[in-house]
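Student: Start counting the sequence shown at 0; every next residue gets the next number (numbering that gives the first Met the number 0).
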Amino acid sequence: MANKNFLLLSLEDAKIKKISNVISNESCRKILEYLSTKDATESELAEKLGLPISTVHYNLQQLMETGLIQVKEFHYSEKGKEVNHYRLANKYIIIAPKKTFGIKEKLKSILPIVPIVGAAALVIQYFKKFFVYEGATKMFTETKQTLVRETLITQKVAESAPLIKEAASAAQVAAVQKAQEEAIKAPLVLQNVTNKTTEYLLPQEVTTQTLTTPTSIWSNIALWFLIGAIFALVVYFVMRSYRKNFD
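Put into structure tokens, the structure is as follows:
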């Protein structure tokens with residue numbers, strides 16, 4: 000990852016206090032001044048600046064914590080110990096009056112709202128499916144059964160009409176009257192037959208109709224709720240950023 004060439008701090012940042020203490024320390028300023036000319040090890044700094052090795056070690060640790068110096072390379076001593084080579088970080092220190100938030104921080108502030116919106120959309124989807132879909136299916140089933148019964152009764156009456164006409168042409172009045180009475184009673188008899196027939200046939204027809212009917216995603220209430228919630232969050236985020244920049 001590339002190193003930044005600046006340190007962005009705010010007055011509320013705890014790190015700025017460490018930097019002010021380091022800069023106000025005379026030993027740290029001597030170390031920074033020497034490192035501005037060349038890289039050096041801990042023992043070399045103590046020798047060139049005439050400071051105790053413990054003082055140099057402590058101040059180097061403070062400078063490392065603030066990010067003003069860094070270690071780019073090292074070598075092994077005769078005893079096999081790592082010896083770091085220190086150099087300036089060459090970073091600008093920028094102090095902002097207030098803490099600066101980026102897009103990532105702003106998104107984190109509204110991120111907890113997303114699960115709430117998703118849960119609300121799922122609840123709406125569940126109630127829509129339970130009440131609207133089940134009610135529409137029941138209405139469709141009852142209408143389908145009524146139409147099939149009426150169709151079967153009409154077909155049976157139409158099939159018995161030629162028999163009545165043939166009996167009338169033979170001048171068999173008694174047979175005609177009997178046939179008419181049977182024709183009148185035929186719908187009542189066929190009603191029981193068609194009821195049992197439709198109970199066997201209708202489930203397959205209704206199931207096929209339900210499976211083959213296409214459903215548009217744009218009629219989904221839960222989807223529209225989710226889209227609206229996300230749009231509201233985006234508008235809120237944009238307006239908040241605009242007001243901060245304007246102020």
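The beta-carbon is built from N, C-alpha and C at its ideal position, and this holds for glycine as well.
1) To the nearest angstrom, how far is it from the Cα of Val234 to the Cα of Leu222?
2) Consult DSSP for Lys14 and reduce its assignment to one of helix, strand or coil.
3) What number of angstroms, rounded off, separates the C-alpha of Ala120 from the C-alpha of Phe236?
4) How about the stretch 59-74 and the stretch 14-30: do they share at least three Cβ pairs that are nearer than 8 angstroms?
5) Taking 8 angstroms as the limit between beta carbons, can you name the residues of its chain near Tyr75, skipping five residues before and five after?
6) In this structure, what does DSSP give as the bridge partners for Val82?
7) Are any of the Cβ atoms in chain C nearer than 8 angstroms to that of Gly79?
8) Apart from the five residues on each side of it in sequence, which residues of its chain come closer than 6 angstroms, Cβ to Cβ, to Lys17?
9) Opposite Leu59 in the DSSP bridges: which residues?
10) Let me know if Val55 comes out buried or exposed under the rule of 16 or more other beta-carbons within 10 Å of its beta-carbon.
11) Report buried or exposed for Val122, applying the criterion of at least 16 other Cβ atoms within 10 angstroms of its Cβ.
12) So, are the CB atoms of Glu41 and Ile52 less than 8 angstroms apart?
13) How many whole angstroms separate the CB atoms of Ser26 and Leu62, which I take to be in contact at a CB cut-off of 8 angstroms?
Tutor: Reading off the structure:
1) Residue mapping note: residue 234 aligns to position 235 of the sequence shown, counting from 1. Residue mapping note: residue 222 aligns to position 223 of the sequence shown, counting from 1. When the Cα atoms are used, Val234 and Leu222 turn out to be separated by approximately 18 angstroms.
2) Against the sequence shown, residue 14 aligns to sequence position 15. The DSSP-derived three-state label of Lys14 is helix.
3) Position 121 of the sequence shown holds residue 120. Position 237 of the sequence shown holds residue 236. So the alpha carbons of these two residues sit roughly 21 angstroms apart.
4) yes
5) By 1-based counting over the sequence shown, the position of residue 75 is 76. Same-chain partners within the cutoff: Glu81 and Val82.
6) Within the sequence shown, numbered from 1, the residue matching residue 82 stands at position 83. According to DSSP, which records beta bridges pairwise, Val82 is partnered with His74.
7) Among the chains in the structure shown there is no chain C, since it carries only a single protein chain.
8) Counting from one through the sequence shown, the residue named residue 17 turns up at place 18. So the qualifying residues of the chain are Thr65.
9) As a first step, residue 59 must be located in the sequence shown, where it is residue number 60. Partner(s): none; Leu59 has no beta bridge.
10) Your numbering for residue 55 matches position 56 in the sequence shown. Buried, by the Cβ-count rule.
11) Here the question's residue 122 lines up with position 123 in the sequence shown. Under this definition Val122 is an exposed residue.
12) If you number the sequence shown from 1, residue 41 lands on position 42. If you number the sequence shown from 1, residue 52 lands on position 53. Against a cut-off of 8 angstroms, the Cβ pair of Ile52 and Glu41 comes out as a contact.
13) Numbered from its first residue, the sequence shown carries residue 26 at position 27. Numbered from its first residue, the sequence shown carries residue 62 at position 63. Ser26 to Leu62, Cβ: 10 angstroms. No contact.
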